[in-house]
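For reference, the structure discussed in these notes is given below.
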Amino acid sequence: MLERARGLIDGSLVAELDEVADAVRLLAERNRVVAEGAGACPAARALKRGAGVGKIVCVVSGGNIDLSTLCAILTNPPSTSR
445 MLERARGLID GSLVAELDEV ADAVRLLAER NRVVAEGAGA CPAARALKRG
495 AGVGKIVCVV SGGNIDLSTL CAILTNPPST SR
């Protein structure tokens, strides 16, 4: 899939696991959206403020997250790395 998309994208960004967990928590608490880790990556990167300038659009997808994982994310405090 990456080979097909390579000509259409300018680059890629990486989010740390704690940033993704923070994004999953934020999406659930503020927007009532349950997203799996991969689905929350765009929001995680945008929250870090390194995704670009101007308006940012995040496609949040996938609710295939294990209930115990979601509970652990929701009950642990957010990271302070931001």
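Position in the sequence shown counted from 1, then plus 444, gives you my numbering.
Backbone N, C-alpha and C define an ideal beta-carbon position, used for all residues, glycine too.
Check: Flag this pair as touching only if the region 506 to 514 and the region 464 to 479 have three or more C-beta atom pairs under 8 Å; answer yes or no.; Outcome: yes
Check: One question on the structure: do Arg489 and Ala482 come within less than 8 Å of each other, judged by their Cβ atoms?; Outcome: no
Check: Might you give, ordered along the chain, the residues of its own chain that have their beta carbon closer than 8 Å to the beta carbon of Cys485, omitting 5 neighbours on each side?; Outcome: Ala459, Val464 and Ala467
Check: How is the alpha helix (DSSP H) around Cys515 delimited, first residue to last?; Outcome: Leu511 to Thr519
Check: Could you tell me the distance, in whole angstroms, from the CA atom of Arg503 to the CA atom of Cys515?; Outcome: For the sequence presented, residue 503 should be read as Val rather than Arg. If I take the Cα positions, the gap works out to 23 Å.
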